[in-house]
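Protein chains in written order, with the working numbering: chain A, -17 to 108; chain B, 13 to 262. Glycine is no exception: its CB is placed at the ideal position from the N, C-alpha and C atoms. The structure appears right after this line, and notes come after that.
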């Protein structure tokens, strides 16, 4: 069976490296985009089951990514948004755009990977 | 405490200043901190704390919030004023008041953290681990365990990546500060603050936070001083993490 795919979209390479390695260990094929534009391209090309997105990025930010994905009418991956600080308003906004969870950085890696595995399982195949 | 109790000064005990107008409180804190392996000096007033901070290089200051004549807030402000570039002694406030009310004013006065009085042995121990070394040894040990334990290739790779990336961001930050480019300064400080969180580099995070707030309040002239501090602090973080990644826990 094909390995589930995940796209990580964050300009902080430490975050993406830690998550990439742990998700690979958990059986995912992982693609990394360093800004929103790269992230969108990866989602379009690879149809991942999971998308992990940081809102505050150069070139194209995470909110623009969510908006474009929603407008595309394609079936969405399971989306988890990382954030630098807790904000109920931001959480409501990203959820209205299709994100399922919001997690504050720095996250506990093992907990986040468990959460992502749960999301991927709930989402099934694409 | 977990491995590598105080990674920073290797074999040197941390030097701690205890500031409290109550002799009983000073004695109790001093005894607990000595038990934790610290070299402790005490000050009975805010003024005495300011004087001692000028003459000594402490790794951490525990500062009573409420004292007569010169409060903990005023003493912290004075200490920050007299510290030159490249130096920022962590200050933890001790307070009997509600944490939520006190924390904002403490951070605004230049303090780094707040503990509720009476502080337990465990709370002091954790605070020491958090501030008296460039990286929080408890948090770092947790991260290493999360990434596969001692000798984990992922941990070593994460450390190497963080150090390489941070050096680039720091250099970009320095350039942006010299050119007074607010947006770039804010961006570089933000990204450095975020990744430093994984490794418990709290002092680096605090300095980045200060830079971000200077940008937000459009006080770009003040940024350069913090960048200098940040560079010094990052060198210490780097030395500690490299040792930790290559040798594993002490």
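So residue 133/B is in the alpha helix (DSSP H); what residue range does that whole segment cover? 133 to 143
Near-chain A residues of the stretch 162 to 179 of chain B (beta-carbon distance less than 7 Å), N- to C-terminal order: 166, 169, 170, 173, 174 and 177
Run the CB neighbour count on residue 87/B, radius 10 Å, all protein chains shown included, and call it buried at 16 or more, exposed below. buried
Within 10 angstroms of its Cβ, does residue 93/A collect 16 or more other Cβ (buried), or is it exposed? exposed
Chain-ordered neighbours of residue 37/A on chain B, where CB pairs are closer than 9 Å: Those do not exist, as residue 37/A stays about 12 Å from chain B at its closest Cβ, beyond 9 Å.
Only counting the same chain, and skipping five residues up and downstream in sequence, which positions put a Cβ closer than 8 Å to that of residue 202/B? 220 and 224
Out of curiosity, what's the CA-to-CA distance linking residue 79/B and residue 23/A? 59 Å
Can you give me the C-alpha to C-alpha distance between residue 96/A and residue 1/A, rounded to a whole angstrom? 11 Å
Inter-residue Cα distance where the pair is residue 119/B and residue 41/B: 22 Å
On a Cα-Cα basis, can you pick out the residue from 194/B, 55/B, 158/B and 141/B that is closest to residue 26/B? 141/B
Going by beta carbon distance, what residues of the same chain come within less than 6 Å of residue 19/B, once the five residues before and after it are set aside? Confidence is the limiting factor: at residue 19/B the pLDDT is only 43, short of 50, which leaves the residue's position unreliable and the question unanswerable from this model.
Could you check whether the Cβ of residue 203/B sits closer than 8 Å to any Cβ belonging to chain A? yes
Helix, strand or coil for residue -13/A, going by three-state DSSP, please let me know. strand
Use the C-beta contact count for residue 133/B: other C-beta atoms within 10 angstroms, 16 or more gives buried, fewer gives exposed. exposed
Could you tell me which chain A residues have their CB closer than 8 Å to the CB of residue 158/B, listed as they occur along the chain? 90, 91 and 92
Sequence-distant residues of its chain with Cβ nearer than 6 Å to residue -8/A (five each side left out): -2 and 36
Close Cβ partners of residue 255/B (< 6 Å) along its chain, the five nearest in sequence each way excluded: none
What did DSSP end up calling residue 48/B once you bin it into helix, strand or coil? coil
Give me the subset of the stretch -12 to 0 of chain A whose CB atoms are less than 7 Å from a CB atom of chain B, sorted by chain position. -7, -6, -5, -4, -3, -1 and 0
Beta-carbon of residue 14/B versus every beta-carbon of chain A: anything under 8 Å? Below a pLDDT of 50, predicted positions are generally treated as unreliable, and residue 14/B, at 35, falls in that range; no measurement from the model is reported.
Assuming residue -13/A and residue 10/A are in contact, meaning their beta carbons sit under 8 Å apart, how far apart are those beta carbons, in whole angstroms? 7 Å
Cβ-Cβ distance between residue 110/B and residue 75/B below 8 Å: no
Return the CA-CA distance between residue 122/B and residue 33/B, expressed in angstroms with no decimal places. 20 Å
Based on the DSSP secondary-structure assignment, which residues constitute the bridge partners of residue 105/B? 75/B and 126/B
So who's on the other strand from residue 83/A, going by DSSP bridges? 62/A
Cutoff 6 Å; reference residue 247/B; Cβ partners in own chain excluding five residues on either side: none
Just to make sure I have the definition right: I need the residues of chain A whose C-beta is within less than 7 Å of the C-beta of residue 207/B. Which are they? -6, -4 and -3
Could you check if residue 37/B is buried or exposed, using at least 16 other CB atoms within 10 Å of its CB as the buried criterion? buried
Where do the N-terminal and C-terminal ends of the alpha helix (DSSP H) with residue 98/A fall, by residue? 91 to 105
By the 10 Å Cβ neighbour count, where 16 or more other Cβ atoms means buried, how is residue 40/A classified, buried or exposed? exposed
Could you tell me which chain A residues have their CB closer than 7 Å to the CB of residue 77/B, listed as they occur along the chain? Per Cβ cutoff of 7 Å: no residues; residue 77/B is ~25 Å from chain A at best.
Taking DSSP's pairing of strands, which residues face residue 15/A in a bridge? -9/A
In this structure, how does DSSP classify residue 159/B when only helix, strand and coil are distinguished? coil
Name, please, each residue of chain A whose Cβ falls closer than 7 Å to the Cβ of residue 238/B. Residues of chain A passing the Cβ test: none, with the nearest at roughly 19 Å.
Closest residue to residue 67/B among 84/B, 50/B and 94/B (Cα-Cα distance): 94/B
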